[in-house]
Each structure stands twice: as C-alpha cells, then as structure tokens.
Amino acid sequence: MVYSVGQFYQDVRNGQFQVMLVDLEVNGHRIAALQRELHGNGNGYLMNDKALEEQVESQEFRFNGKSWTRFNIMIISFLQFCRDVDPWSLWTSCDLIFKFYQDLGNCLLNDSYPIDPLVLLFRELTNYVVNLATILDDNSVKLNTRPHQFVSHTSAVISKVFNSIKPPRINEDGVTNGNTVGLPEKQRILLYLVNKLNNLYFRIESPQLCSNIFKNFKPKAMSSSFGQYPINEQIEYRYLLGRYYLLNHRVTNAFVQLNTAFNQLMLIATTARPDSQPQIKRNLSRILRYLVPAGLMLGKSPRIAYLSDIDANLSKKYASLLNHIRTGNIKALNAWLAHHETSLRKHHLLLILLEKLPMICYRNLIKTVVQTCTIPQNTGKIPYPQLETAFKLSLGPTTAQPINIYTAIHRPDNVENVLVTLINLGLLRGNCFPILRLCVVKKTQEIKEILPPIQDRILTTFPLNSDDSWLDF
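Numbering (the working numbering), first residue to last: 1 to 473.
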C-alpha cells in the first residue's frame, strides 16, 4: 500500500480519524507504510521523538480557531506506535498501544473541542484494547506482571471518559430534553461505557466499584428513556445490574433485572439469523447462570425441560438441586453445595445460596409435615418432637459429620430456631410456645394460610428499587 506521513496528516485534517486504528489486521498496510517512512525508507535514518513532535506541531492543527495540545499529543503517540510497533509481538508493543489509547481518552475530556468524530474512534479502539488487556492479563504469570494489571489500566481510562460526561442541561421550563436526535456522541455511547466499565470491574474482582457507575448513569443521561438505547446494550446492562444486586443479596431486584434481560434476549432469538443463534444461546446461558439461583431463592421452580434446550449442563446441575429443595432434604442440599463449591465461589454465588436455600428447604420440610399431619388432624398444632423426627430424616446422621460451613448450624434439636426464623421472615404464620414445645398455626385446609408464598413475602419485606423504574420506559 502506498501511503505517506503527509497523506496521514491530510486525512487527520479532513477528520478521517479511522486511519488511526491500531489493529494490524484492519490497518496493518497503512501502519507498515508509515513505519517505513518514519524509518527513513531504509536509509538508516530514524525519526526520533523530538523530530516527530516538531513535525506534528508544524502542521498547526486548529479546531474552532484554536490549537489543541492534547490532540497533538495523541497524534504523536500514534506515530510513535507506527514507528516502533513489532508486528510479531503484542507484548513488546502493548505500552505503545495503551499510551495512544490513554492520550485518545484524554482528548475526549474537554467538550469545548469537536470531539464527536474521535468518540467513534475511541469506541472502536476500546473493543480492541479490552481484548488485548484481557489476553495479557490471562498470561500475567508468564509475563511476570500483576494480576489484572492491564484491565485495571484500561478501566481507569474508560472511567475518566465516563466521568467527563456532563449531566443534561435543564431548559427554561425545568425539563430535560429526552430526545436522542442531536445528542453528542459521548451521550450516545454512555450505556456502552457503563457496560464496559461494569464488565471490567467484575473481571478484576472489584464489583463494588460498579456502585458508582450504576448510581451516576441516569443523572448523566440526556435521554430520559432507557428504551432509546440499543436493545443489546439494554440487555447487557440489566444482566450486569442483576449480578450486582445478587452480589449484595438483593434477590428480588436481581431476579427482576435478570428475568427481564432473559425475556428480551429470548424475543430477539425468535427473529435472529441462524448464524447468530450460537452467540445468543451463549448469552442466554450467561443470564441463566444467575437467574436460576435467584429464582430458587424466591421459591420459583425453573422448567428443567425448557432449560435443557438452552444449556443441558446447567439444566442437569440444577435439576437435582431443585429436587432437594422441594423435598426438604437438607443433607442432599449441603452435599450439592459442597460438590459445586468451586464454581459457586467463582461466580460469587456460594455465600448467598448457603444463606438463603437452607431456610427454603426447611420451610418445604415443615410444609410436608403440615400437609401430612397438622391439616388432616385439624388441630392447628405442630409438636416439636414431630418436627425433630422430620429434621433427623432430612439431616441424616450428624454425630460423625465434620463441622464445616455446611453442617455447623444444622441439628435436629434446632427446631425452635428454624420456626422462629421462618415466622420472623413472614414465611410461616404461627406462634411458638417453648415450654409446651409446640407451634400453633391457624386451623385451615389451605396451606397458603399457614405458609404464604415466598415471593409475596419477600417483595413485601424487600420492595424493588424505585430508582430502576425508568428502565421500563
């Protein structure tokens, strides 16, 4: 390809900033041509940094009638990359790429310059740099670098751009303009930046950093309607928000966001091209990985056959757990948690499942006792010894069990503690009489009047976050 530094300057002057892509597979011929010229076309002359800076400054790039120092720095960074890049080694060239990316991000911090064309370049370069950073961090042991070093640096660059996005201005009537027509490009990529940052924070195992991003997203948005953003970005946002809620044990909020993301993606799947179906299926599995546990903690039972069509392994994994919960089998529940401990830890699910599922399991066990003994006898009484017998069957032999996170608090004589906890949570309507060793419930044939639905009680106690209501418009 015949291309020169002079042509590069002219392209930049004309606003053709795509010539500054660093992906060699896309822009390799142009970068190679620039490298040859910067190396003196083989005559041994190498343009050093000082000469490069003087040449760029001599171009006198002006925007709105004024010079732009950060723009010149970015151009110099790109030409340094072209001059020094090693096409055979990402590792030796990565510092050049990250420096150019950071300098490009710095250009976007000042809205008084015409930055919109650069925003498009920043978005495309972000996709490339995130993939590069991920590859480098995956090989941190070989490269002798810190864990998450490059992804953390990338997130810092994106965070600066996100923080530079100003909240919408209020017009004379005190109303913000919710139209997407004429929005600045930084506003158009706002949700893209939000999703990128949150994904990176989860990757570097710092998901609590997402809090600031979620909190500032709506105040920064000029568009008053979440539905005006691209649907794939909406789904990704709800998925990440659901994961964040789950991490903070806000199960109802997590379920609503994950379930909405799943339903929206399923709707897309019905009309998507055949070649995009594998990717959609993978994304459905990503959502289900968290949606199914969230549903189980709300007393919801997934359709196993339906799950199997999407992810057979996930379906098989949770089919057995669902059976243990339904039958009130505490021993089997603990065995399942222990067996899947590694994967549950990896996805930050172990602690919340360990906290929530045993009580649901105990509730179903008590439900069986009520249905088989209390309701048929119409006494409205549940004797502690009766429940202790059920607990012994559910827990199995406890004398020889090692004490660990799964077995430490589970004992057959824990009946009253379980009953009081369920009553306090609103999952059991009754009164305990410790001296009589008896729990008294309503005399009724309707099990729901004794054990109300889990989801209804949880929603009453832990209402949905009202700040998320705008996501439905």
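A virtual CB, placed ideally from N, CA and C, is assigned to each residue, including glycine.
Everything numeric in this text was worked out from a predicted model, so none of it was measured.
What do you get for residue i, buried or exposed, if any count of 16 or more other CB atoms within 10 angstroms of its CB means buried?
| i | result |
| --- | --- |
| MET1 | exposed |
| THR379 | exposed |
| ASN195 | buried |
| LEU46 | exposed |
| GLY328 | buried |
| LEU267 | exposed |
| ASP505 | Residue 505 lies beyond the range of the chain shown here (1 to 473); nothing can be said about it. |
| ASP309 | exposed |
| ASN404 | exposed |
| PHE473 | exposed |
| PHE63 | exposed |
| GLN257 | buried |
| SER155 | buried |
| ALA390 | buried |
| TRP336 | buried |
| THR374 | buried |
| ASP137 | buried |
| PRO358 | buried |
| ILE447 | exposed |
| ILE158 | buried |
| LYS356 | buried |
| TYR406 | buried |
| TYR306 | exposed |
| ALA408 | exposed |
| PRO87 | exposed |
| PRO293 | buried |
| VAL251 | buried |
| ARG30 | buried |
| VAL129 | buried |
CA-CA distance, residue i and residue j?
| i | j | result |
| --- | --- | --- |
| ASN127 | LEU121 | 10 Å |
| LEU104 | LEU118 | 8 Å |
| ASN14 | LEU108 | 18 Å |
| PHE486 | TRP68 | Residue 486 lies beyond the residue range present for the chain, which begins at 1 and ends at 473; the question has no answer from this structure. |
| GLU57 | GLN149 | 33 Å |
| GLY295 | ARG429 | 23 Å |
| LYS233 | LEU191 | The sequence shown places Glu at residue 233, rather than the Lys named in the question. Distance between the alpha carbons of GLU233 and LEU191: 7 Å. |
| PHE262 | TYR362 | 30 Å |
| ASN106 | PRO147 | 25 Å |
| GLY242 | PHE162 | 21 Å |
| PRO463 | ARG411 | 33 Å |
| PRO402 | LEU419 | 25 Å |
| ILE502 | LEU459 | This structure does not reach residue 502, given that the chain is present from 1 up to 473, and the question cannot be answered. |
| LEU325 | LEU333 | Correcting the residue type first, residue 325 is Ile in the shown sequence and not Leu. One C-alpha to the other measures close to 7 Å. |
| PRO397 | THR145 | 49 Å |
| PHE202 | ASP275 | 29 Å |
| GLY40 | LEU79 | 14 Å |
| SER469 | LYS317 | 33 Å |
| SER112 | ILE304 | 56 Å |
| GLN10 | ASP23 | 21 Å |
| ASN313 | ALA32 | 47 Å |
| GLU341 | LEU125 | 38 Å |
| LEU34 | GLN59 | 17 Å |
| LYS220 | GLU185 | 13 Å |
| TYR245 | ASN199 | 14 Å |
| THR176 | ASN48 | Any reading at THR176 must be qualified, since the residue scores a pLDDT of 47, below 50, and its modelled position is unreliable; no value is offered. |
| GLU172 | LYS166 | Residue placement at GLU172 cannot be trusted, given a pLDDT of 37 that sits under 50; the coordinates are not used to answer. |
| GLN377 | LYS218 | 57 Å |
| GLN277 | ASN465 | 33 Å |
| CYS439 | GLU416 | 9 Å |
| ASN259 | SER152 | 30 Å |
| LEU197 | PHE214 | 10 Å |
| GLN228 | ILE235 | 13 Å |
According to DSSP, which residues form a beta bridge with residue i?
| i | result |
| --- | --- |
| ASN431 | VAL440 |
| ARG476 | A question about residue 476 goes unanswered here, because the residues of the chain that appear run from 1 up to 473. |
| LYS331 | Bridge partners of LYS331: none, in fact. |
| ILE382 | CYS439 |
* Segment contact, 8 Å Cβ cut-off, at least three pairs: the stretch 450-463 with the stretch 366-378 -> Pairwise C-beta distances place the stretch 450-463 in contact with the stretch 366-378, as three or more of them are shorter than 8 Å.
* Please determine if the stretch 378-397 and the stretch 431-440 are in contact, where contact requires at least 3 C-beta pairs separated by less than 8 Å. => Output reads yes: the stretch 431-440 touches the stretch 378-397.
* Whole runs of the beta strand (DSSP E) within the stretch 9-94, excluding any shorter than 3 residues -> Fully enclosed beta strand (DSSP E) runs of 3 or longer: not present.
* Segment contact, 8 Å Cβ cut-off, at least three pairs: the stretch 81-94 with the stretch 127-143 -> These segments touch.
* Curious, which full-length alpha helix (DSSP H) runs of at least 4 residues does the stretch 208-270 contain? -> Counting only runs of 4 or more, we get 210-220 and 231-247.
* **Minimum length 4: unbroken alpha helix (DSSP H) runs contained in the stretch 321-370** => Here the runs fully enclosed are 330-339, 341-346 and 350-369.
* **Segment contact flag, the stretch 204-213 with the stretch 236-253, C-beta cutoff 8 Å, min 3 pairs** => Of all C-beta pairs linking the stretch 204-213 to the stretch 236-253, three or more are shorter than 8 Å, placing the two stretches in contact.
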